[in-house]
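Here is the structure we will look at, set down as structure tokens.
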Amino acid sequence: MDLIKFLKTGGRARIHTVNNEYQTMFNEVIDSEHLTFMIPVDYHPYEGEEIQISCITEVGLLLFRANVQKAEKDGGVGVMTVKVVGAIKRVQNRSAYRAKLSIEVLIKIDPNAPNILEAEKDDKVPKAVLDRMRELRIAKGIPEGWIKTYTINISENGMLIRAENGTRLSGDLEIILIINQFGIHETITGIHGRLARYFMGGRKETDLFAGIEFLDLPDRVKTLLMKLVFQSQRLKKED
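Numbering (our numbering), first residue to last: 5 to 243.
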């Protein structure tokens, strides 16, 4: 498999060592065997070290071994050069790493969405979920306009949110993300998505969650969300 066809500068990867793993980014794809990476803050590679690398591409999750050829750090920023050794395996079709972050979300309610209180049957939503949505709707009322909630996790492909108000989400969803993490302070408007699924969980198995898939996310927003994931992984390692 020719890595040049699937890897690109700025793409994310995980470095797996004997004792740990680190999330990083490709700095440069030199050729089909030689790559450079940004060195994570808490990783100290050495020449000749054998590592394993996993990365998400358009053909799925790739896994391969590599030897560290050179590692240079200038202050807190470093770049390492590796040579790919052995076969490249396609492990699975996972499409994105997710960050466990609580980000404020505003979602515009579709006025034409079916009223969950009147729904007797929905093949896409389990009956227990429908019953819980009815309970929440009755207790909190039916919101109008925009609802506010928070993410459980997020990636450039979508997000998992709390659906505690029992609002039925359907159709083309208009979404606003209000980000205040890792020195990033942005309100991102004009995001569109669709409901992927509802499910219940939490300690009492009665908390309601919704999975949202992003549609045609602009490259700038994708890059920003990838940065959030990268920073959250760095923070996790430092803790």
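Ideal Cβ placement from N, Cα and C applies to all residues, glycine included. None of the values given here were measured: they were computed from a predicted structure.
Nearest to Glu217 by alpha carbon, out of Ser236, Val233, Gly205 and Ile179?
That would be Ile179, whose Cα lies nearest to the Cα of Glu217.
In chain order, what are the residue ranges of uninterrupted beta strand (DSSP E) at least 3 long that sit wholly in the stretch 14 to 67?
Segments of the beta strand (DSSP E) lying fully in the stretch 14 to 67: 16 to 20, 25 to 33, 38 to 42 and 54 to 61.
Would Thr28 pass as a contact of Phe41 if the rule is Cβ separation under 8 Å?
Result yes, Cβ atoms of Thr28 and Phe41 sit closer than 8 Å.
Buried or exposed: which applies to Ala132, given that a residue is buried once 16 or more other Cβ atoms fall within 10 Å of its Cβ?
Per the 10 Å Cβ criterion, exposed.
For the candidate residues Leu105, Thr155, Ile19 and Ser36, whose alpha-carbon lies nearest to that of Val72?
Comparing Cα positions, the closest option is Ile19.
How long is the line joining the alpha carbons of Lys125 and Leu199, rounded to whole angstroms?
Note that Lys125 has pLDDT 47, beneath the 50 cutoff, so the model's placement of it is unreliable and no number is given.
Under three-state DSSP, which class holds Phe234?
Phe234 falls in the helix class under three-state DSSP.
Taking C-alpha atoms, which residue in Ser174, Leu219, Met204 and Asn184 lies nearest to Gly194?
Among Ser174, Leu219, Met204 and Asn184, the Cα nearest to that of Gly194 is on Leu219.
So is Thr155 buried or exposed if we call it buried at 16+ other beta carbons inside 10 Å?
Answer is buried; the Cβ neighbour count reaches 16.
Spatial distance of Gly162 from Arg16 (CA atoms):
The alpha-carbon of Gly162 is positioned some 17 Å away from that of Arg16.
Between the beta-carbon of Ala70 and the beta-carbon of Ile57, is there less than 8 Å?
Ala70 is a Cβ neighbour of Ile57, given a cutoff of 8 Å.
DSSP on Ala91, reduced to helix/strand/coil?
Correct three-state label for Ala91: strand.
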